[in-house]
Amino acid sequence: MRQSTFLAALLAPATLFLGVFFLGPLLIIAVFSLLTPGLYGGVEWSFYHQNYGRIFGWADGIMEIYEPVYLQILLRSLGFAALTVGLCLVICYPVAFWVARLPPRARLFCLFLVTLPFFSSLIVRLYAWLLILKPSGLLNQTLLATGLIQTPLEILYTQSAVVLGLVYVMVPFMFLPLYSAIDNLDRSMVEASMDLGANRVQTFTKVVLPQTLPGIIGGAVIVFIPSVGNFIVPDVLGGAKGLMVGNLVEQQFLSARNWPFGAALAMIVMGVVLATLLYASARARSAAHA
Amino acid sequence: MSLLSVRGARRVFQTPEGGRLAALDGVDLQVGAEEFVTLLGPSGCGKTTLLRAISGFEALDEGTIHLQGADLLRLAPYRRPVNTVFQSYALFGHMSVARNVGYALEVRGMGRAARQARVDEALEKVGLSGLGARAIGQLSGGQRQRVALARAIVAEPRLLLLDEPLSALDRNLRQQMQLELKALQARLGIAFVFVTHDQEEALTMSDRVVVMRKGRIEQIGPPREIYRKPRTRFVAEFIGETNLFDLDAQGRTPEGLIFAVPNPPAARFTACLRPSDFHLAEQGIAGVVTKVVYLGADLHLYVQPKVGGPELRVTARDHAAAPVVGAEVHLGHDPEALHLLEA
Amino acid sequence: MKVYALALGLMASAASIQAAGAETLALYNWGDYINPEILAGFTAETGIEVTLDTYSSNEEMLAKIQAGATGYDIVFPSVHMNDIMLKLGLLEKTDINLSPGFAAIDPANLRSKEDPDSAYCLPYAWGTVGIFYNEKVTGPITGWADYFAAAEKGAKVTLLDDMREVVAVGLIMTGKSVNSTDPADLQGAVDYLLSQKSKVAAFTYDSMSMLTSGDIGAAHFFVGGNVFFTQTPDVKYVIPVEGATMYQENICVLKTAPNKAAAKAFMEFYLRPEIAALNVAQQFNGTANVPARDLVPDFIKQNPTINVPAETLTRLQIFEDLGAGLKLYDRAWNTIRTAQ
């Protein structure tokens, strides 16, 4: 009894912190999403369901108009995020394996390299990509000089550039949990599998993959969530043409002055993310107990 | 013809300091079809390297390994008809006990129903009937050991490799498992190659013990021969406790103890006597008891000879009149028991 | 615990620095929108330390102020935002129009509908939004028709990543007011822009460096972009013949300003022609300060796109507050950006 009181006292600051700085804003967004937009930003304190109606189809057609474009943008964002997760996984999995086999010093150095991008601003790094990808940029100049292409590749301001940028930003977030899972993988399990007659493919699918699944799921979740809501990458590298839901939210607050609609969009993104998270954690739990 | 035949096995590793270390330095070994062979030696002697070379997880720089006449070195690990019980067990945590045990059959493409019967059979052999549905996390250490064993025998290999499988168990369980393993090996009628650094374990279970040192085989023989007739000083010291004497052609130690040696092999040589070969007598080597270790039925005495030299270790029966520290004793021995070392 | 202690220590020392330091004035301005020499000059003369935070849209600034951001003395809203902020009661009356230096201000620049006499805010700077183009790539461009024609022929062109500026291009090209709230007008503008969208490489503010490097041929941008092209005669700026938008920002003091006296002092400092001219020389835009127009460098004075002649002024429109009509623009903007 005394121990649990002690524990509660220990946890109180953290709980309070989370309550004030995490749940508080969340609650504000949830409430705002159900209020009437103020003419000049802010909200009017009267219930208004049409913020969601604009998105899902029950707008009255006079004050608000239902437009499928919002769901389209949401779906596109989910698609981009899923593609980003897939590409990050394909890139990071073999590399994490390779790094895990390096001698300790080289391994530390590689981990340091992976975290290096965090030392500089995301915006700066994305502008660097803009310089690389533009028609007169490094990539095209190199390819032209080597004669691999005759005319510059049109990458900048395309959806490919958006996905490329997202993958670039998210790779470290995929790498670290994957590396941790792969590094913790008991090598003798791989040997046991082969010793029992499983070839490399069987060993990978039946032992390595399931054993590293928690890392894969963890990485996928931390890549997916920020990817869905990202608005900087589509702005800088997509030329604001490949609109994602994050851009839409940003626009509601920073140019359309429609906070409740922005809040409603944010709530929907949060709902999707929450559903993803619940699904993933259920999968991870079943993977751990199988 | 022997089941397993290792000839001229050499394996050299690069040490982190840039030196070269021969983990295997010309090893020859034959293992019979139903034989229990133990590789024994201190860590770094090459025993595990030899085991891994047989299972395929270590390559050889030189030499050959044949199983039933087939060249094992040409086969990838997963094609070699041998199975291994790993020191850490290496059980698949994401699979049930039954799926772990049936893994070797599953990857060979055997159907679920056929697999089930073989899995049940293997579980029964290791005394785990009915636990197939359990998760690995729900098992005790001893049970995991048995699952690892069942998993390794389910495909009916001709040769089972065991890499210090008992080292994680407590003493009682270990002794019980030693007997069970020996019985299982006899029942299965297959060969076991068992790696350990525990000489007691080696002596208890093996048909033959292979004592290794620095990548070479020091001696191969049945446990009794290894214990009673060690070939070298290293074997004599590594297996059990012993008293070593450096003797000249007259059977004298530098301090002046004299032993009866009918046919001295050289001007200088070494002989050994096990502690149990000494007995307390009316006359013989005079000395003072410096330490008494109580072992239950027996006592272990440390006796300092009056003429000097190293202390002697002596096993004596415990009884009311047993010597105490400081007592003056005389030690006698059966002259037949004195064993001359080759090196 | 250590971390907390450290944080507390930092906060305490920050507070003590502020308490011990001199009087301060906190500006909240658009990024790169004031000549740093002005701030240094103000501090040198008055001893008042100036801090500068920046924003990138009127709405961002408004949202922050509405959300309760305090500590700022002066903001630089566009005229329509100036009106909104007055309606919302966020601004402080300064009586700057009673200051002796106010005679220098061109009455044409008193554009606020809510504050026609400049009792609250002081006109800060103004300029046009037009087309920068690399003549070698696109040939001569006089307006939006040429711009889209050049794009048609393969030149890469960009529009601003700005809701109202882009919709305004559509409204101008269909002959409507850039402040129209008639849904039919907006539909026409959207239709026009959609018909041109495939030719537009991107909606972006990053066009100036790309124009320098030759990666794009023409870009929709503010007149201030001229700063980048003083040494590149091939890159030119034009105020489109079809019409264009103009902007003007005013210096306003917030009702919540902690140091209103210093804020008023800054406004009066900025009334001086030589100070206003300092800004033009660095920003390449227009000033409301009539005597200052004669103090700017010659190449700016002689550039008709910066020092705009009266006949050009007639084809410029300035954004007004749209009230609830903004929703139409939001919808139009989403449609334009998502159409494939």
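Protein chains in written order, with the working numbering: chain U, 6 to 295; chain P, 2 to 344; chain A, 4 to 343.
Backbone N, C-alpha and C define an ideal beta-carbon position, used for all residues, glycine too.
Listed in chain order, the non-local C-beta contacts of LEU196 (chain A) below 6 Å within the same chain comprise GLY173 and ILE339, local neighbours out to five positions each way being set aside. The continuous alpha helix (DSSP H) containing MET270 (chain A) extends over residues 263-274. Residue environment analysis places VAL326 (chain P) among the exposed positions, since fewer than 16 neighbouring C-beta atoms fall within 10 angstroms of its C-beta. Within chain A, the residues placing a beta-carbon under 7 Å from that of LEU44 (chain U) are GLY326 and ALA327, ordered along the chain. In the DSSP assignment, THR315 (chain A) falls within the alpha helix (DSSP H) that extends over 313-316.
Listed in chain order, the alpha helix (DSSP H) runs fully inside the region 76-157 of chain P are 98-102, 104-107, 113-126 and 142-154, counting runs of at least 4 residues. Taken atom to atom, the span from the alpha-carbon of LEU125 (chain A) to that of PRO276 (chain A) is near 14 Å.
Closest option to SER56 (chain P), judged by alpha-carbon separation, among P:CYS46, P:HIS67 and P:GLU63: P:HIS67. By the beta-carbon neighbour count (other beta carbons within 10 angstroms, threshold 16), PHE302 (chain A) is exposed.
Taking 8 Å as the cut-off, the beta carbon of LEU4 (chain P) is found closer than this to the beta carbon of ARG159 (chain P).
Here the alpha carbon of ALA247 (chain A) sits roughly 14 Å from the alpha carbon of ALA192 (chain A). The beta carbon of GLU337 (chain P) sits closer than 6 Å to no other beta carbon from its chain once the five residues preceding and following it are set aside.
Judged by DSSP in its simplified three-state form, LYS246 (chain U) adopts coil rather than helix or strand.
Within chain U, no residue has its beta carbon less than 9 Å from that of LYS156 (chain A); the closest one is some 16 Å off. Proximity of the region 275-293 of chain P to the region 302-316 of chain P meets the contact definition, three or more beta-carbon pairs being nearer than 8 Å.
Here the C-alpha atom of GLU52 (chain A) lies approximately 52 Å from the C-alpha atom of VAL104 (chain U). As a beta-bridge residue in DSSP terms, ASN32 (chain A) pairs with A:THR57.
Using a C-beta cut-off of 8 Å, the region 42-57 of chain A makes no contact with the region 286-293 of chain A, since fewer than three inter-stretch Cβ pairs fall below that distance. Sorting P:SER6, P:GLU36 and P:LEU25 by C-alpha distance to the C-alpha of ALA192 (chain P) places P:GLU36 at the top. The secondary-structure analysis by DSSP pairs HIS67 (chain P) across a beta bridge with P:SER6 and P:ASP72.
Not a single unbroken stretch of the alpha helix (DSSP H) spanning 4 or more residues falls wholly within the region 28-55 of chain P.
Boundaries of the alpha helix (DSSP H) around CYS93 (chain U): 74-105. The beta-carbon of PHE235 (chain P) is placed no less than 8 Å from the nearest beta-carbon of chain U. Under a 10 Å Cβ-count criterion, GLY19 (chain P) is classified as exposed, with fewer than 16 other Cβ atoms of the shown protein chains found around its own Cβ. For LEU107 (chain U), the number of other beta carbons within 10 angstroms of its own is below 16, and it is reported as exposed.
Any Cβ of chain U closer than 8 Å to the Cβ of PRO166 (chain P) would place that residue at the interface, and such an atom is absent. Between the C-alpha atoms of LYS90 (chain A) and SER115 (chain A) there is a straight-line separation of about 12 Å.
Note that the C-beta distance between LEU30 (chain P) and VAL13 (chain P) is not below 8 Å. No Cβ of chain U is located within less than 8 Å of the beta carbon of HIS67 (chain P).
When Cβ-Cβ separations below 8 Å define contact, ASP188 (chain U) makes no contact with chain P.
CA-to-CA, the gap between ALA70 (chain A) and VAL48 (chain U) works out to about 11 Å.
Between GLY223 (chain U) and GLY234 (chain U), the C-beta spacing is not below 8 Å.
If you check the CB distance, GLY146 (chain A) and GLU40 (chain A) do not come in under 8 Å. The closest CA to that of THR254 (chain P), considering only P:PHE195, P:ALA272 and P:PRO266, is found on P:ALA272.
If you check each beta-carbon in the region 54-85 of chain A against every beta-carbon of chain U, the ones closer than 7 Å belong to SER60, GLU62, GLU63, LEU65, ALA66 and GLN69. Under the three-pair Cβ rule at 8 Å, the region 209-223 of chain P does not count as touching the region 158-178 of chain P.
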